[in-house]
Every structure is written in structure tokens, then in C-alpha cells.
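S.K.:
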Amino acid sequence: VIGGKRYLVYSAMPKFTRVPQPDIYLARSQSDSWFGPWKRIGKILDHNEVPHHNTREDPDYEWGIEGAQLVELPDGRVLLNATCFLPNGLRGNRQRVFFAIADDVAGPYVSMGPVLEPGQPGENGHSTVMIEGGQLSLFYQSRVATTDHRWRYGLARCDVALFSKVA
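308 is the number of the first residue of the sequence shown in our numbering; add one for each residue after it.
1) Could you name the residues of the same chain whose beta carbon sits closer than 8 Å to that of Tyr460, not counting the 5 residues immediately before and after it, in chain order?
2) At a Cβ threshold of 8 Å, is Pro358 touching chain D?
3) Hey, how far is the Cα of Pro394 from the Cα of Gly343?
4) Short of 6 Å in beta carbon distance, which residues of its chain neighbour Gln337, apart from the five on each side in sequence? Order them along the chain.
5) From which residue to which residue does the beta strand (DSSP E) around Met437 run?
6) Rounded to whole angstroms, what is the Cα-Cα separation between Val451 and His359?
7) Can you grab the Cα-Cα spacing for the pair Gly414 / Ala463, in whole Å?
8) For Glu373 versus Asn400, is the C-beta spacing smaller than 8 Å?
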């Protein structure tokens, strides 16, 4: 719920000839219900707008932008939480949680870049953000070398006031 309205944010893609390359799209409920009906707003974030994401033309392209979530910040701006794949590095080590911020739910979104580093060979992604009592909690999946790259859950927290410093 952003500004009192219900939105769905989702990954969708054009026709593809190799690995899918989804971008982020938005739909808004035309009622006060999660049952809709829903109106498609359109694309709100494209690969080309995420400088830390692998490009469609990369011969070692891994995957598209996925797992998006929108959260209204206390100052009314919108935080987009999603998963990208870094343009460099070994496969299985490039997936990252990233944040982007916009003044309006439909964008434009400005990426803040990846927000978590695994600290060792590994990756993180598919996260959920909750804001409560001035704290942002980020729940995410992670896999690193010390766990034989088995998927685990992680939790990171920060003061939501940090986002007021982002233009």
C-alpha cells in the first residue's frame, strides 16, 4: 500500500531467445480490495536504469531484475527493494539485493546500488523489507562458501533516517 492505494510490482519480460530478461512493472487495484480489478501502469524500472546489473547484451548474462517489493518511506517517497545480478564475477556469486528510491510510485527510480556484500564468495537476494519504529528490517536469502553455498536466511537492519540523506 502506497499513498493509501494497493499496488502490485512484478517482473515481466519481452519475448526472448535465450535466458529470460525481466524488467519491473507496476499495476494498481481499481478498488479498495486486493482482489482488483487491476490496471497495468507499465514498466517502472528497466535493465538500462540499473548500472550495477548485467546488460542484456552480455554473453555471460545470468538473469533479470526480479523479486521486487515497494515500501512507502516515512517521508512519502517509495523504496523499491529487488534482486539484480552484477555484471562481473563468477556465476553463483553475482546475485544481490539492491534498493532504488522514487518520489512517485511510478518512478523514476534512482538505484542506491547493492546494499549487502556477502563478505566472502557467495550471493544474496529475494528479500523483504519491513519498516517499524524507525527501523528498516531486511530479510533475505544468502549462500556463501562457509555453508557450502547452501541457501540460508539473513537479517539486516538500519535506521530508516539513513534514507532521508538519499536525494
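Ideal Cβ placement from N, Cα and C applies to all residues, glycine included.
M.R.: So, to answer that:
1) Phe446, Tyr447, Gln448, Ser449
2) The structure shown has no chain D; it contains just one protein chain.
3) 37 Å
4) Pro344, Lys346
5) 429–439
6) 20 Å
7) 26 Å
8) no
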